[in-house]
Amino acid sequence: ELSLATGEGSLHGLLVGNPAGFRTPSAFSLGEIFLAVDPDSLTTDTIVVNSIRIVAPEITYESANGTTNLAQLQKNVEQATGASSGSTSSEAGSSDGGAEKKMIIRDLQINAGKVSYSNPLLGDKPLALTLPDIRLTGIGEKSNGASAAEVVKQVLAAINKSAAGAVTNSGALKDAGNQLKQQVEEKLGGFKSLLKKDE
């Protein structure tokens, strides 16, 4: 939903799936997104977005195979960005010969987010954590506009960093780790007892 007169709009129900190799169904459920665009920029090659607010996103942070789903998504975007930056101007343009649209985002905020941390070592029940608020300003301003892939790359890097921080600093994660350690020690203790009996 976007008003061409005011440049204000919203987006609902955006869901981003996980890359291959992860068992949780999605990486992001972005809740509500509110944006305010400079209407005069819509007909130019560089769209100016005055503000974007992503409210109450739900982030799935899953560890598997020595990496995380968000890190893999970030890697995929970086590879795509690298490929697109190596394209010629004619390849990057649209089919009618127009230049690729770029964006300037003056203010982007992500508020009231939640993180669901999934790790096979913690069992089937994920940890529910709070995502620290995120604010990015001046995206694309210094380069006179950024491509869509470059914008996604910056936003995803910020979300990945914030989600990783929430997991690392979680008291619940530390408690779960202590419980896991205790369970391992109890199993080892029982195994040692069986060895002594066999002797």
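Here the sequence shown is numbered in my numbering, starting from 1353 and rising by one per residue.
For each residue, glycine too, the CB sits at the ideal point set by N, CA and C.
These numbers come from a predicted model, not from an experiment.
If you draw a straight line from the Cα of G1365 to the Cα of V1467, it comes to about 17 Å. Contact annotation, G1361 with P1409: C-beta distance approximately 18 Å; criterion of less than 8 Å not satisfied. Residues of the same chain with a CB within less than 6 Å of the CB of D1485, apart from the 5 flanking positions on each side, are N1463 in chain order. Ranked by Cα distance from N1428, the first of A1357, T1520, N1370 is N1370. Taking a contact to require three or more Cβ pairs closer than 8 Å, the region 1467-1484 and the region 1493-1509 do not qualify as touching. Assignment of N1471 by DSSP, reduced to helix, strand and coil, places it in the coil class.
In this structure the region 1398-1406 lies against the region 1378-1386, because at least three pairs of beta carbons, one per stretch, are closer than 8 Å.
Counting the other CB atoms within 10 Å of its CB gives S1355 a total below 16, which places it among the exposed residues.
Excluding sequence positions up to five before and after A1357, its CB lies within less than 8 Å of the CB of P1391, all in the same chain and listed in chain order.
Collapsing the DSSP output to three states places A1501 in a helix. Residue state for N1417 is assigned as coil, using DSSP reduced to three classes. DSSP, reduced to helix, strand and coil, places L1382 outside both helices and strands of the structure shown, so it counts as coil. The residues S1468, Y1469, S1470, in chain order, have a CB closer than 7 Å to that of P1478 in the same chain once the five nearest residues on each side in sequence are set aside.
Comparing C-alpha distances from G1475 to each of K1454, I1457, R1375 shows the shortest one belongs to R1375. When the alpha-carbon of N1521 is set against those of E1493, G1434, T1482, the nearest one is in T1482. By the neighbour-count definition (other C-beta atoms within 10 Å, threshold 16), N1512 is a buried residue.
Among the bridge pairs identified by DSSP, A1372 is matched with none.
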